[in-house]
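Colleague:
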Amino acid sequence: MTQDDLVWRIAGGSGDGIDSTSRNFAKALMRAGLHVFTHRHYPSRIRGGHTYVEVRASDEPVRSRGDGYNVLLALGDSFARSTEDEAYYGNEKLKPLAENLDELREGGIVIYDEGMLDEDDVADLDLETRAEENDWHLYPTDLRGIAREHGRDVMRNTAGVGVTAALLGIDPSYFETLMGESMDGDILDANLDVLSDAYEQTQEWEFTHDLEVPDGETEGEQALLNGSQGIAYGAIDEGCRFIAGYPMTPWTEVFSIMSKHLPKVGGIAEQVEDEIAAAALALGASHTGAKAMSGSSGGGFSLMSEPLGLAEMSETPVVLLEAQRAGPSTGMPTKPEQSDLEHVLYTSQGDSTRVVFAPANAEECYEQTRRAFEVAYEYQLPAIIMYDQKLEGELRNVPVEFFDRETHPDPGTILSEDEIAEAAHHASGTFARFKRDAEKGISPRSVPGQKGGRHLTSGNETNEWGHICEDPENRKDQVDRRFSKFEHIAEDLAGDESLVTRHGPADADYGVITWGSQQGTVFEAVDRLNADGQSVAALGVSQIKPFPAPEIEAFIEGVDEVVVVEMNASGQFKGLVQKELGAYGEKLSSLLKYNGNPFEPREIVEAVENTAAGDRDAPDDATTFVPATGD
Amino acid sequence: MSTFSAIDQDREIDREEFTPGVEPQPTWCPGCGDFAVLKALKGAMADIGRSPEEVLTVTGIGCSSKLNSYFGSYGFHTIHGRPLPVARAAKLANPDLEVVAAGGDGDGYGIGANHFLHSARENHDMTYIVFNNEIFGLTKGQTSPTSPMGHTSKTQPSGNAKSPIRPLSLALTAGATYVARTAATNPRQAQEIVAEAIEHDGFAHIDFLTQCPTWNKDAKSYVPYTDVQDSDEYDFDVSDHGEANAMMRTVEDKLYEGEILTGRFYVEDGRPSYGQKKREQGEMPAEPLAQRYFEDGEWERSIDFVKKHT
Ligand SMILES: Cc1ncc(C[n+]2csc(CCOP(=O)(O)OP(=O)(O)O)c2C)c(N)n1
Ligand code: SF4
Numbered sequence: 001m002t003q004d005d006l007v008w009r010i011a012g013g014s015g016d017g018i019d020s021t022s023r024n025f026a027k028a029l030m031r032a033g034l035h036v037f038t039h040r041h042y043p044s045r046i047r048g049g050h051t052y053v054e055v056r057a058s059d060e061p062v063r064s065r066g067d068g069y070n071v072l073l074a075l076g077d078s079f080a081r082s083t084e085d086e087a088y089y090g091n092e093k094l095k096p097l098a099e100n101l102d103e104l105r106e107g108g109i110v111i112y113d114e115g116m117l118d119e120d121d122v123a124d125l126d127l128e129t130r131a132e133e134n135d136w137h138l139y140p141t142d143l144r145g146i147a148r149e150h151g152r153d154v155m156r157n158t159a160g161v162g163v164t165a166a167l168l169g170i171d172p173s174y175f176e177t178l179m180g181e182s183m184d185g186d187i188l189d190a191n192l193d194v195l196s197d198a199y200e201q202t203q204e205w206e207f208t209h210d211l212e213v214p215d216g217e218t219e220g221e222q223a224l225l226n227g228s229q230g231i232a233y234g235a236i237d238e239g240c241r242f243i244a245g246y247p248m249t250p251w252t253e254v255f256s257i258m259s260k261h262l263p264k265v266g267g268i269a270e271q272v273e274d275e276i277a278a279a280a281l282a283l284g285a286s287h288t289g290a291k292a293m294s295g296s297s298g299g300g301f302s303l304m305s306e307p308l309g310l311a312e313m314s315e316t317p318v319v320l321l322e323a324q325r326a327g328p329s330t331g332m333p334t335k336p337e338q339s340d341l342e343h344v345l346y347t348s349q350g351d352s353t354r355v356v357f358a359p360a361n362a363e364e365c366y367e368q369t370r371r372a373f374e375v376a377y378e379y380q381l382p383a384i385i386m387y388d389q390k391l392e393g394e395l396r397n398v399p400v401e402f403f404d405r406e407t408h409p410d411p412g413t414i415l416s417e418d419e420i421a422e423a424a425h426h427a428s429g430t431f432a433r434f435k436r437d438a439e440k441g442i443s444p445r446s447v448p449g450q451k452g453g454r455h456l457t458s459g460n461e462t463n464e465w466g467h468i469c470e471d472p473e474n475r476k477d478q479v480d481r482r483f484s485k486f487e488h489i490a491e492d493l494a495g496d497e498s499l500v501t502r503h504g505p506a507d508a509d510y511g512v513i514t515w516g517s518q519q520g521t522v523f524e525a526v527d528r529l530n531a532d533g534q535s536v537a538a539l540g541v542s543q544i545k546p547f548p549a550p551e552i553e554a555f556i557e558g559v560d561e562v563v564v565v566e567m568n569a570s571g572q573f574k575g576l577v578q579k580e581l582g583a584y585g586e587k588l589s590s591l592l593k594y595n596g597n598p599f600e601p602r603e604i605v606e607a608v609e610n611t612a613a614g615d616r617d618a619p620d621d622a623t624t625f626v627p628a629t630g631d
Numbered sequence: 001m002s003t004f005s006a007i008d009q010d011r012e013i014d015r016e017e018f019t020p021g022v023e024p025q026p027t028w029c030p031g032c033g034d035f036a037v038l039k040a041l042k043g044a045m046a047d048i049g050r051s052p053e054e055v056l057t058v059t060g061i062g063c064s065s066k067l068n069s070y071f072g073s074y075g076f077h078t079i080h081g082r083p084l085p086v087a088r089a090a091k092l093a094n095p096d097l098e099v100v101a102a103g104g105d106g107d108g109y110g111i112g113a114n115h116f117l118h119s120a121r122e123n124h125d126m127t128y129i130v131f132n133n134e135i136f137g138l139t140k141g142q143t144s145p146t147s148p149m150g151h152t153s154k155t156q157p158s159g160n161a162k163s164p165i166r167p168l169s170l171a172l173t174a175g176a177t178y179v180a181r182t183a184a185t186n187p188r189q190a191q192e193i194v195a196e197a198i199e200h201d202g203f204a205h206i207d208f209l210t211q212c213p214t215w216n217k218d219a220k221s222y223v224p225y226t227d228v229q230d231s232d233e234y235d236f237d238v239s240d241h242g243e244a245n246a247m248m249r250t251v252e253d254k255l256y257e258g259e260i261l262t263g264r265f266y267v268e269d270g271r272p273s274y275g276q277k278k279r280e281q282g283e284m285p286a287e288p289l290a291q292r293y294f295e296d297g298e299w300e301r302s303i304d305f306v307k308k309h310t
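Protein chains in written order, with full-length UniProt numbering: chain A, 1 to 631; chain B, 1 to 310.
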């Protein structure tokens, strides 16, 4: 745990403005020159229900939420149900304070809203004693009172920010500027008054803590982005001009961003009746030559199973997103999990020909979305991006120049009319759309409206001219051709370090493999382990299919033992590694977590330490350790 | 060379251009009503002067959905019940194409009913032809949403206890701006209606009565029929929603009483199609999306959007 990072947690009820307040807080620190990273925890309720967001800030780049936190701003849940409901719901008003104390680090700060929380209730928490034991510093403040005096109760969050700024030495002008950018008129004036009043009052207090915001200086202009934005911007730059979808958490965010921006760049966004339609629309748009995408989360993606198969059979390029959440069925809508891997790899009938990526952070979301479009439109097949509720909402700073990229206005393998005229045709004039002996398995493609390119495409097996055909020889050739694409895709992707990312010493004794969104946390854990004298390397895998067998095999071969870290109960990625490599059962153990919260670095640190010590226990109750079969 | 030069070619079109030169001879049973739809569609295209390469037919799965295997346009034979969403997007992505979606009654009124309602509601500028044979043909004769009450089949051995769906009323209620019924036994009217539907700006639904002599033996071959527009007995205004609705109910009741009424039942001109609306709202370009890839013009970059997050 680095001591020079600061993790601020704002807690309250859903609807208390936790999201916007924390976003502004993170932005202010980013503008102050710090690296920032946010972690969101929220329940599947629109109003009320305990929620929090953490903002971690450091002068060094931050890759994960870290372990615990050191400043709590407990707003009190203004949407809490009456305390009579306590038997069922608990005293939700108190939750923002009570529920968060366990993870507060030693020497931490607690700011809570005296105006909302009853003294007696607070006394029941034994806060004073715990504070003494843990060297916590308590700053009860009448946030609601300050808010009321200058504006309305809801401005309690602004008051809290003012108090935090004063306690941690943050220049309040960062917040003033941000407020000016998002509001105006009386609302702005009232908020500014609340902020400065809270800030001034607090400055007069005697501070007992020694926490401060670290000094930092990031290079170049920074932007605060989450994975959803990474995906949407990557799609736009790669020339995606059509999206269709149906809302489902957590995919909705990408859908909304695309719906807002696509029309501005000459594209079309469609909200439709269900996910079957959504994927089918994407195929229809792609069939006419547009770069198209759709997406959903678990249950909605299940509905896309049939159109996905149609894309494979008809060789219609398309990019689909799968924003995982805890399943099965509707599971836990607002909690992350990585348990849809097998679903995404194997859903839909037949032998599948799809490409699958699982980006690890906002930058990879951008890169791999571009990659997905590139591969899909080059090879005429569906490409799927798997991410999860963690990546969807976690904000981090990315240098603006990262996005200073060329766009890709390229129709992929669609021929021009001149090329169509030169291409193979049947004597009747019908275009050989599904030519069997095509180079790299990619047969020539035309789109409706092009002269000379007339053909039929189908979800049934077809002959070279697109006509339904059950001839055994044709069937075998066509399947072989479609499968042959994978060899070339694997070659194209090989060596891309954002797809298979190695971290840590080259000659490590122990290895940790992870995939998708847990990569940052694993890398941070590995850094700590090495700093503590262990010898550990990590591999973050974002290329799922084609499976990067050589890279993974080399990594496993190079270490004594490997822990595979993933957020599911059945060890799906470990299973995939064993299936693909046909070995290593005796060398791979699993560290699993499926309680709805992503891993914390300390859990991985402990699991590797245990492994090194020959001890096969899980680090804590929240995780599960499955030893290698050779144990 | 332009990207989509097959579109809007100004020349005489011969219906035979729509007969694909490659292998497939229709696999439809002798006497199947589906032949009539194929014939009407070819004739209609020639009548309105559309060339095979500017037409996209999108079909589902079923005997009827094999239509585009025997029709020489660009074609997409999709999955059961889903031709409409595929077709809608094709039209949005390239408004210059003439898009025709087709499938059976099981395809369109059963598994795909949700898409039927929403496509009609949204008033997409396209034509949707449902081959209504009151039976599942391809899967060998099961009861369909348009099978009459009491109809027995292997999956409904004691007889269908459900009343048949009312496709015309449904289309109208949902928001279609052109609703007609024609029959395989009425080739002249069929061709006229198909041509009219294609030229209509908006969602045009044709419930096309097609007999299935193989599985629906007791079904009438839809003769004698009456063309309501030619008959003195039926007088209603096709542009009046209320009159059309009342007429459709009569038509739908009578079908199962043995009286076959065909014709145009609702024609609404002037309501902007969905694409047109979207263009007016600035949410959709007028040109085909794919054109810009070929023309390689100025492309906006996401960095302008990213700058809002600094
Ligand atoms: C999802 C799915 N369910 C079932 C089927 C099997 N199936 C193929 S065609 C068909 C029904 C055909 O009836 P209809 O749509 O009325 O067309 P017809 O053959 O009568 O022209 C069915 C159930 C399928 N292909 N896909
Ligand atoms: S089974 Fe019926 S619908 Fe199918 S081809 Fe034969 S007659 Fe036509």
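Glycine residues also receive a C-beta, built at the ideal position from the N, C-alpha and C atoms.
Around the Cβ of B:V223, are there at least 16 other Cβ atoms within 10 angstroms (buried) or fewer (exposed)?
Modeller: Exposed: under 16 other Cβ atoms inside 10 Å.
Colleague: What's the call for A:R9, buried or exposed, on a 16-neighbour Cβ count within 10 Å?
Modeller: Answer is buried; the Cβ neighbour count reaches 16.
Colleague: Please report the straight-line C-alpha distance between A:V62 and A:E219, rounded to a whole angstrom.
Modeller: Looking at the two C-alpha atoms, the distance is approximately 15 angstroms.
Colleague: Would you kindly report the start and end of the unbroken beta strand (DSSP E) that includes B:L56?
Modeller: From DSSP, the beta strand (DSSP E) with B:L56 extends over V55 to T59.
Colleague: In the DSSP assignment, what residue or residues form a beta bridge with A:F37?
Modeller: Answer is A:R56 and A:R396.
Colleague: Please list, in chain order, all residues with a C-beta atom less than 6 angstroms from at least one heavy atom of ligand 1.
Modeller: Working through the chain, the matches are B:I61, B:G62, B:C63, B:S64, B:H80, B:G103, B:G104, B:D105, B:G106, B:D107, B:F131, B:N133, B:I135, B:F136, B:G137, B:L138, B:T139 and B:S144.
Colleague: Taking 8 angstroms as the CB-CB cut-off, is B:N68 touching chain A?
Modeller: Closer than 8 angstroms: yes.
Colleague: Would DSSP call A:E270 helix, strand or coil?
Modeller: Strand.
Colleague: What residues in the region 6-23 of chain B bring their beta carbon closer than 8 angstroms to a beta carbon of chain A?
Modeller: Listed by position, the residues of the region 6-23 of chain B near chain A (Cβ gap below 8 angstroms) are A6, I7, P20, G21, V22 and E23.
Colleague: Could you check where the beta strand (DSSP E) with A:K291 kicks off and where it finishes?
Modeller: Run containing A:K291: K291 to S297, per the beta strand (DSSP E) assignment.
Colleague: If you measure from the beta carbon of B:N114 to each beta carbon in chain A, is any gap under 8 angstroms?
Modeller: True, the Cβ-Cβ gap to chain A drops below 8 angstroms.
Colleague: Could you please tell me which residues of the region 440-454 of chain A, in chain order, have their CB closer than 9 angstroms to any CB of chain B?
Modeller: Those residues of the region 440-454 of chain A that come within reach of chain B (Cβ to Cβ, closer than 9 angstroms) are S446, V447, P448, G449, Q450, K451, G452, G453 and R454.
Colleague: Which residues share a DSSP beta bridge with B:A180?
Modeller: DSSP output for B:A180 lists B:I206 and B:R264 as bridge partner(s).
Colleague: So that I know if they touch, is there some Cβ in chain B lying closer than 8 angstroms to that of A:G459?
Modeller: Yes, A:G459 counts as interfacial toward chain B.
Colleague: Any beta-carbon of chain E closer than 8 angstroms to the one on B:H118?
Modeller: The question asks about chain E, but that chain is absent: this structure's protein chains are A and B.
Colleague: With DSSP collapsed to three states, give me the class of A:P382.
Modeller: If DSSP states are grouped into helix, strand and coil, A:P382 belongs with the strands.
Colleague: State the start and end residues of the unbroken beta strand (DSSP E) segment that holds B:N132.
Modeller: M126 to N132 is the span of the beta strand (DSSP E), which, as asked, contains B:N132.
Colleague: Which of the three DSSP states, helix, strand or coil, is assigned to B:R121?
Modeller: Of the three classes helix, strand and coil, the one that applies to B:R121 here is helix, per DSSP.
Colleague: If A:G585 sits next to A:G630, beta carbons under 8 angstroms apart, how far is it from one beta carbon to the other, in whole angstroms?
Modeller: So it is a contact: roughly 7 angstroms between Cβ atoms.
Colleague: So with Cβ pairs under 8 angstroms, would you call B:F203 a contact of chain A?
Modeller: Cβ-Cβ to chain A under 8 angstroms: no for B:F203.
Colleague: For B:P85, decide whether its Cβ has a neighbour in chain A, counting only Cβ atoms nearer than 8 angstroms.
Modeller: For B:P85, the answer is yes, since a Cβ of chain A falls inside 8 angstroms of its Cβ.
Colleague: If B:G108 and A:P263 are in contact, beta carbons under 8 angstroms, what's the gap, nearest whole angstrom?
Modeller: So it is not a contact: roughly 31 angstroms between Cβ atoms.
Colleague: Can you grab the Cα-Cα spacing for the pair B:I61 / A:R405, in whole Å?
Modeller: If you take the alpha carbons of B:I61 and A:R405, they lie about 43 angstroms apart.
Colleague: Can B:E34 be considered in contact with ligand 2, in the sense that its beta carbon sits closer than 7 angstroms to one or more heavy atoms?
Modeller: Per the sequence shown, residue 34 of chain B should be read as Asp rather than Glu. Yes, the Cβ of B:D34 comes within 7 angstroms of a heavy atom of ligand 2.
Colleague: Taking 6 angstroms as the limit between beta carbons, can you name the residues of its chain near B:D227, skipping five residues before and five after?
Modeller: Taken in chain order, the residues that qualify are Q189, T262 and G263.
Colleague: Select from B:T27, B:V100 and B:G202 the residue whose C-alpha is nearest the C-alpha of B:K277.
Modeller: It is B:G202 whose Cα lies nearest to the Cα of B:K277.
Colleague: Got a sec, what are the start and stop residues for the alpha helix (DSSP H) B:V194 sits in?
Modeller: Start and end: P187 to E199.
Colleague: Residue ranges of each alpha helix (DSSP H) run of no fewer than 4 residues wholly in the region 230-260 of chain A, ordered along the chain?
Modeller: Listed in chain order, nothing qualifies, since the region 230-260 of chain A has no complete alpha helix (DSSP H) run of 4 or more residues.
Colleague: Just checking B:T214 against ligand 2 - is the residue's beta carbon closer than 7 angstroms to any of the ligand's heavy atoms?
Modeller: For ligand 2, at least one heavy atom lies less than 7 angstroms from the Cβ of B:T214.
Colleague: Quick one: measure Cβ to Cβ for A:A618 and A:Y594, integer angstroms, because I've assumed they're closer than 8 angstroms.
Modeller: Going by Cβ atoms, the distance from A:A618 to A:Y594 rounds to 12 angstroms, so no, they are not a contact pair.
Colleague: At 3 residues or longer, and completely inside the UniProt region "Disordered" (441-471) of chain A: list those beta strand (DSSP E) runs for me, N to C.
Modeller: The UniProt region "Disordered" (441-471) of chain A contains these whole beta strand (DSSP E) runs: 456-458.
Colleague: Shorter than 8 angstroms from the beta carbon of A:M1 to some beta carbon of chain B?
Modeller: Confidence is the limiting factor: at A:M1 the pLDDT is only 38, short of 50, which leaves the residue's position unreliable, though a coordinate-based value still follows. Cβ-Cβ to chain B under 8 angstroms: no for A:M1.
Colleague: Is it the case that the CB of B:W28 approaches a heavy atom of ligand 2 more closely than 7 angstroms?
Modeller: Yes; taking the cut-off as 7 angstroms, the Cβ of B:W28 has a heavy atom of ligand 2 nearer than that.
Colleague: What does DSSP give as the partner residue(s) for B:D227 in the beta ladder?
Modeller: BP columns for B:D227 point to B:T262.
Colleague: Starting from A:R105, trace the beta strand (DSSP E) in both directions and tell me its first and last residue.
Modeller: Here the beta strand (DSSP E) through A:R105 covers L104 to D113.
Colleague: Mind listing, in chain order, the continuous beta strand (DSSP E) runs of no fewer than 3 residues lying wholly within the region 545-587 of chain A?
Modeller: Runs of the beta strand (DSSP E) inside the region 545-587 of chain A: 561-566.
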